[in-house]
Each structure stands twice: as C-alpha cells, then as structure tokens.
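Data block below; observations after.
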Amino acid sequence: MMMSKPVPEKASARVLNNIANIYASKGEYDRALDYYSKCLKMREKCFSSDHPDIATSLNNIGVVYKSKGEYDRALDYYSKCLKMKEKCLPSDHPDIADSLYDIGLVYDNKGEYDRALDYYSKCLKMREKCLPSDHPHIASSLYNTGNVYYKRSEYKRAVECFERCSKIRKKLLASKHPDRVRVEKKLSEIKKFV
Numbered sequence: 001m002m003m004s005k006p007v008p009e010k011a012s013a014r015v016l017n018n019i020a021n022i023y024a025s026k027g028e029y030d031r032a033l034d035y036y037s038k039c040l041k042m043r044e045k046c047f048s049s050d051h052p053d054i055a056t057s058l059n060n061i062g063v064v065y066k067s068k069g070e071y072d073r074a075l076d077y078y079s080k081c082l083k084m085k086e087k088c089l090p091s092d093h094p095d096i097a098d099s100l101y102d103i104g105l106v107y108d109n110k111g112e113y114d115r116a117l118d119y120y121s122k123c124l125k126m127r128e129k130c131l132p133s134d135h136p137h138i139a140s141s142l143y144n145t146g147n148v149y150y151k152r153s154e155y156k157r158a159v160e161c162f163e164r165c166s167k168i169r170k171k172l173l174a175s176k177h178p179d180r181v182r183v184e185k186k187l188s189e190i191k192k193f194v
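Quick note on numbering: the sequence shown equals residues 1 to 194 in the UniProt record's numbering.
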C-alpha cells in the first residue's frame, strides 16, 4: 500500500482558496468565507506578514462581504489589503489601483459619493500612469467615476468621463458588448441634462 505524502501548506492554502472561489461564484458566500478564512490562517502561518498571497486572501474576503452587502466588513478587509499592498509593492503598481477601485465601489454602494469619488480618482490617476491609455481597467474607472458624478448631478463632469470611457470601449469591444452598450445608454440619458 502506498503512503500519501503530506501536501505542503502553501499548496493546501491554494486549494482552499480555489474551493472558496467556486463557492463564491455559486453565491454560497458563507461557505466561501469559511474556506477563505481557513486559507488566510494557513497563509499567515506560511508567509511573512506582508506577503502578496495574504493580501489576496484579505481581498477575497472583502469581495464576499461586499457581495453579501456587509459593506463595513468589506471595507475593513479591503483596507487591510490596501495597506499590505502599499507595503510590499511599488507605489504605482496596478494591484494597488485595484484595491482603491474596490474601496471606491463599496463607498459607492453605501451612497457615500464623496469618498467613492476620492478612491475612484486615486485609482484612475494610478491606472493612467501604469497601464496603456486604452486599457479596459481605465475605462471601468472612468465609467464608475462618471456614474458618481451623475448621481451627484454633476452632469458635465459625468459626460466627460463617459465620453472617455466610450472612446476606449469603442476601440476594444464589439458594438453589442454589454459594457459598450451600457456607457452609450448612460451618455444618451445624461445629455438630456447638459
């Protein structure tokens, strides 16, 4: 009979993370949280306190709490993730911009538009520095920033963001792509107010 070798903890953590990803994609958030939490504990044992894999675990837990509508808990995990990324990555790294974006989304969902705009703006500036000018993440940042301006009735600024977003999406996406259609629809809605 063949004896099985123990699976290294780093690999086990990856497996736990992948199982959690599956539960999260199925909308089984409590089960996803259980596996993400186990993964985080294992990664905290295996890695230094500022390792990117720990930041990934914190982010994943934040995503689940955001999906559950538990925005304050999501912010807690996203903020910890951002601090860790700021410690271990270059200051203009795209992963830091992603964390700023995630925090902006939560504030947007909470209706805290000033704070959302602050995070979206920081994210956009960083993405414009470190990504190609027609990158889809820049388009997403512009769309969400424009949407906050729209919610605040700052229609001219919203139009500027949506037009820039539309220009990128026209370059990258088919005419019937939902993201392209969404920004075009938003532009036609908003131009009534300008």
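The beta-carbon is built from N, C-alpha and C at its ideal position, and this holds for glycine as well.
Helix, strand or coil at V183 according to DSSP, with G and I counted as helix: helix
Backbone CA spacing between G146 and Y113 [nearest angstrom]: 11 Å
Exposed unless 16 or more other CB atoms sit within 10 angstroms - verdict on M2: Because M2 carries a pLDDT of 44, less than 50, the predicted location of this residue cannot be relied on, and the following value inherits that uncertainty. That one is exposed.
Alpha carbon of I54 to alpha carbon of P90, nearest angstrom: 17 Å
Option nearest Y16 by Cα separation, candidates D179, S25 and K38: It should be pointed out that residue 16 corresponds to Leu in this sequence rather than to Tyr. Out of D179, S25 and K38, K38 has the C-alpha closest to the C-alpha of L16.
Three-state secondary structure assigned by DSSP to residue 207: Residue 207 cannot be examined here, being either before or after the span of the chain that is shown, 1 to 194.
Residues near residue 196 by beta carbon distance below 7 Å, same chain, minus five either side: As shown, the chain starts at 1 and ends at 194. That puts residue 196 outside it, with no answer to give.
Range of the contiguous alpha helix (DSSP H) that encloses V194: Careful: V194 lies outside any alpha helix (DSSP H) and carries neither H nor E.
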